[in-house]
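Taking our numbering, the leading residue of the sequence shown gets 9, the next gets one more, and so forth.
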Amino acid sequence: MISNTTASYGRVARFFHWSIALLVLSDIALGLIGKFTPRSGDTVAFLQLLYSTHKTIGVTILALAVLRVGWAISQPRPVPLHPERRLETFAADTAHWVLYAAIFVLPLSGWVIHSAEVGFAPIWWPFPQSLPFIPKSERLAGAAANVHWIAGIVLATMVAAHIGGAINHALIDRDGTLARMWNGRAAGKAATHPGKTASVLAAIGIWTFAIGGALTVFGPAHNVEAASQFPAKQTEGWVVQDGSLSITIKQMGAEVTGGFANWQAEIEYDEVTRTGAVKTVIDTTSLTLGSVTDQAKGPEFFDVAAHDTAVFQGNIVQIGGPKHQASGSLTLVGQSVSVTLDFDLEVTGRTAKASGGTVLDRRDFGMGMAYPDESSVGFAVEVRIELVATKPE
Ligand code: HEM
Ligand code: HEM
9 MISNTTASYG RVARFFHWSI ALLVLSDIAL GLIGKFTPRS GDTVAFLQLL YSTHKTIGVT
69 ILALAVLRVG WAISQPRPVP LHPERRLETF AADTAHWVLY AAIFVLPLSG WVIHSAEVGF
129 APIWWPFPQS LPFIPKSERL AGAAANVHWI AGIVLATMVA AHIGGAINHA LIDRDGTLAR
189 MWNGRAAGKA ATHPGKTASV LAAIGIWTFA IGGALTVFGP AHNVEAASQF PAKQTEGWVV
249 QDGSLSITIK QMGAEVTGGF ANWQAEIEYD EVTRTGAVKT VIDTTSLTLG SVTDQAKGPE
309 FFDVAAHDTA VFQGNIVQIG GPKHQASGSL TLVGQSVSVT LDFDLEVTGR TAKASGGTVL
369 DRRDFGMGMA YPDESSVGFA VEVRIELVAT KPE
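In structure tokens form, the structure reads like this:
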């Protein structure tokens with residue numbers, strides 16, 4: 009039978025139950041394997057595959073959950089087999105409501121993490137990559153990750169109790185509870201169904217406590233490192249007031265942009281000859297690059313444990329109008345490579361604005377040699393620099 013009766017689960021309800029059960033158990037396992045896999049250059053490709061699988065299964069669960077609820081609303085609910093055991097019935101019902109909510113809370117919080125963080129493992133076709141109205145924000149991603157983690161604990165605890173209950177019915181009570189979910193056999197007297205208000209309220213209470221706790225007590229330590237650490241550096245003529253040094257890479261075909269929070273530039277520039285010199289010292293440990301920050305700083309790429317600074321030193325010449333070039337050498341992970349930076353320079357009074365960039369090839373610095381093609385990490389690293397400097401009186 010396709011539909012439920014008050015004593016049995018129909019095919020559709022059973023299909024939803026078992027398909028979602030299988031996918032949920034797999035996704036808990038994948039999530040935990042991901043959490044406990046160390047982040048390094050050796051594991052990044054594995055983790056990408058793992059999280060893409062995890063996310064795609066998770067979004068599939070969400071789609072099935074929507075259909076399941078739509079179906080369940082139109083169906084009678086099979087009555088409990090032992091309505092006289094009021095506490096047991098209440099506990100089982102509460103677990104069912106908590107589980108119903110879990111198949112929404114987990115995928116949605118996961119999807120918020122994915123939409124709010126930059127880069128990393130994509131969700132596969134046919135699902136969209138982002139939720140509308142979710143901005144890219146590390147803080148939001150952190151809060152959603154806390155909800156996801158605590159909700160995962162609630163889900164795993166409820167699933168364990170739920171499976172325990174089912175085994176208990178099958179082995180100790182030897183009643184038809186498991187059989188009616190497994191093969192649709194009818195069981196139970198179609199008499200009464202205890203009210204659902206108490207169990208629904210209990211489930212709402214559990215979720216309020218869990219999500220509230222995840223956002224407050226276990227809330228993310230608000231990460232305000234930020235560009236305010238940018239040091240103003242006194243030089244011969246120019247003091248850098250503000251600026252950003254960002255890089256963009258392509259990871260699995262998608263652009264990921266990040267930057268260095270800490271760097272210093274010493275700039276000399278003669279407005280008559282339109283020539284000058286620049287020395288930039290970059291603190292590579294201050295790099296953030298979305299969710300691949302740890303991998304980028306790891307031994308395969310920037311190797312910040314061994315090389316915590318990168319230095320660019322070059323001479324500035326005017327090409328024409330605002331267009332300038334700084335040609336020199338960039339020393340990164342111990343390798344020095346000739347680099348030309350194209351930038352526009354506008355000097356108005358005592359303020360100079362420079363904006364430009366260059367494209368590097370990671371292979372020139374021996375970075376990511378374990379990724380000989382561009383399928384996971386592109387060769388090109390786009391560098392952008394924006395700065396405002398003033399000349400003291
Ligand atoms: C019912 C569905 C899901 C379940 C049971 C589930 C479960 C888990 C578990 C147990 C973890 C490891 C613990 C943790 O780090 O929080 C995890 C991590 C993660 N999940 Fe899910 N998940 C589900 C759906 C999704 C979806 C739909 C997405 C994204 C579209 C997603 C994205 C993530 C991400 C990004 C992490 C890593 C979080 C971090 O590093 O803090 N999950 N998930
Ligand atoms: C191997 C694991 C599982 C077993 C053996 C199992 C067993 C059962 C049984 C026997 C019932 C019928 C209870 C009754 O008629 O009173 C049931 C119902 C239910 N189960 Fe599971 N279950 C499992 C996993 C899960 C998971 C992972 C979820 C979470 C998403 C889940 C959610 C539900 C819900 C919401 C119901 C209420 C009936 C409905 O509306 O579909 N189960 N389960």
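Heads up, the beta-carbon is just placed ideally off N, CA and C, and yes, glycines get one too.
Would you say A218 touches ligand 2, meaning its beta carbon is less than 7 Å from a heavy atom?
Here residue 218 corresponds to residue number 210 of the sequence shown, with the count starting at 1. Checking every heavy atom of ligand 2 against the Cβ of A218, none is found closer than 7 Å.
When the Cα atoms are used, what is the spatial distance from T292 to G357?
One-based indexing of the sequence shown puts residue 292 at position 284. One-based indexing of the sequence shown puts residue 357 at position 349. Cα to Cα, the separation comes out at about 33 Å.
Rounded to whole angstroms, how far is the Cβ of M260 from the Cβ of P130, which I believe are closer than 8 Å?
Taking the first residue of the sequence shown as position 1, residue 260 is located at position 252. Taking the first residue of the sequence shown as position 1, residue 130 is located at position 122. So it is a contact: roughly 6 Å between Cβ atoms.
Unbroken beta strand (DSSP E) runs of length 3 or more, entirely within the stretch 279 to 359: which are they?
283 to 291, 317 to 328, 331 to 340 and 343 to 356
For D250, report the span of its beta strand (DSSP E) as first-last.
Looking up residue 250 in the sequence shown gives position 242. Its beta strand (DSSP E) spans residues V247 to Q259.
Compute every distance between the C-beta of L40 and the non-hydrogen atoms of ligand 1, then say whether any falls below 7 Å.
Translated into the one-based positions of the sequence shown, residue 40 becomes position 32. Flag set: Cβ of L40 near ligand 1.
Boundaries (first-last residue) of the beta strand (DSSP E) holding L395:
As a position in the sequence shown, residue 395 is number 387, starting the count at 1. Here the beta strand (DSSP E) through L395 covers A388 to T398.
Shorter than 7 Å, the distance from the beta carbon of R93 to the closest heavy atom of ligand 2, or not?
On the sequence shown, residue 93 is found 85 positions in, with the first residue counted as 1. No, since every heavy atom of ligand 2 falls outside the 7 Å radius drawn around the Cβ of R93.
Pull up the distance between the alpha-carbon of I275 and that of T398, whole angstroms please.
Within the sequence shown, numbered from 1, the residue matching residue 275 stands at position 267. Within the sequence shown, numbered from 1, the residue matching residue 398 stands at position 390. Going from the Cα of I275 to the Cα of T398 covers about 11 Å.
Applying the 10 Å Cβ sphere with the 16-neighbour rule, what's the burial state of G196?
For the purposes of this step, residue 196 is taken as the residue at position 188 of the sequence shown. So G196 ends up on the buried side.
Burial state of T205, where buried means 16 or more other Cβ atoms lie within 10 Å
Mapped onto the sequence shown, residue 205 falls at position 197. Per the 10 Å Cβ criterion, exposed.
Residue from V52, M9, L139 and A218 with nearest C-alpha to W157:
Position 149 of the sequence shown, counted from the start, is the residue given in the question as residue 157. Checking every option, the nearest Cα to that of W157 belongs to A218.
Tell me which residue opens and which closes the beta strand (DSSP E) that F217 is part of.
As a working note, residue 217 is residue 209 in the sequence shown. No beta strand (DSSP E) contains F217, which is instead part of the alpha helix (DSSP H) from T205 to L223.
Do the CB positions of V106 and V162 come within less than 8 Å of each other?
Along the sequence shown, one-based indexing puts residue 106 at 98. Along the sequence shown, one-based indexing puts residue 162 at 154. Against a cut-off of 8 Å, the Cβ pair of V162 and V106 comes out as a contact.
For V264, which beta-bridge partners are listed by DSSP?
Counted from its first residue, the sequence shown places residue 264 at position 256. Beta-bridge pairing links V264 to I257.
Locate the alpha helix (DSSP H) running through D35, then write down its first and last residues.
By one-based count along the sequence shown, residue 35 stands at place 27. That run of the alpha helix (DSSP H) goes R19 to F44.
Of the listed residues A80, L38 and L57, nearest to T13 (C-alpha basis)
Counting from one through the sequence shown, the residue named residue 13 turns up at place 5. Among A80, L38 and L57, the Cα nearest to that of T13 is on A80.
Leaving aside the five residues before and after D183 along the sequence, list all residues of the same chain whose C-beta is less than 8 Å from its C-beta, in chain order.
Indexing the sequence shown from 1 puts residue 183 at position 175. Hits under 8 Å: L89, H90, H177 and A195.
What is the DSSP secondary structure of D181, counted as helix, strand or coil?
Working through the sequence shown from its first residue, we reach residue 181 at position 173. In the structure shown, D181 sits in a helix (DSSP, three-state: H, G or I).
What are the boundary residues of the alpha helix (DSSP H) that F135 is part of?
Stepping through the sequence shown from its first residue, residue 135 is reached at position 127. Counting along the chain, F135 falls outside any alpha helix (DSSP H), and DSSP gives it neither H nor E.
Can you tell which of L58, E308 and G78 has its C-alpha closest to the C-alpha of P380?
In the sequence shown, counting from the first residue as 1, residue 380 sits at position 372. Nearest C-alpha to P380: E308.
For a test of your reading of the model: does the CB of T165 fall under 7 Å from any non-hydrogen atom of ligand 2? Yes or no.
By 1-based counting over the sequence shown, the position of residue 165 is 157. Checking the Cβ of T165 against ligand 2 gives no.
Buried or exposed by the 16-neighbour rule on C-beta atoms within 10 Å, applied to D50
In the sequence shown, counting from the first residue as 1, residue 50 sits at position 42. Classification of D50: exposed, given that the 10 Å Cβ count is below 16.
Could you pull out every residue in the same chain whose Cβ sits closer than 7 Å to the Cβ of S145, ignoring the five residues on either side in sequence?
Residue mapping note: residue 145 aligns to position 137 of the sequence shown, counting from 1. Result list for S145: A124, in chain order.
Whole angstroms is fine: what's the gap from G251's alpha carbon to A362's?
Numbered from its first residue, the sequence shown carries residue 251 at position 243. Numbered from its first residue, the sequence shown carries residue 362 at position 354. Straight-line Cα distance between these residues: approximately 9 Å.
Inter-residue Cα distance where the pair is L349 and I327:
Translated into the one-based positions of the sequence shown, residue 349 becomes position 341. Translated into the one-based positions of the sequence shown, residue 327 becomes position 319. When rounded, the distance between both Cα atoms is 12 Å.
Does any heavy atom of ligand 1 sit closer than 7 Å to the C-beta of Y414?
Given that the chain is displayed from residue 9 to residue 401, the structure contains no residue 414 and the question cannot be resolved.
T366 versus E390, S383 and G306, residue with shortest Cα-Cα distance:
For this step, residue 366 is matched to residue 358 along the sequence shown. For the residues E390, S383 and G306, the minimum Cα distance to T366 belongs to E390.
Beta-carbon contacts of A246 that lie in its chain and below 6 Å, excluding the five residues immediately before and after
For the purposes of this step, residue 246 is taken as the residue at position 238 of the sequence shown. Going by the sequence as given, residue 246 is Trp instead of Ala. For W246, where only same-chain residues beyond five positions count, the Cβ hits under 6 Å are I275, A397 and K399.
Hey, would you say the C-beta of T185 is under 7 Å away from at least one heavy atom of ligand 2?
Within the sequence shown, numbered from 1, the residue matching residue 185 stands at position 177. Within the cutoff, so yes.
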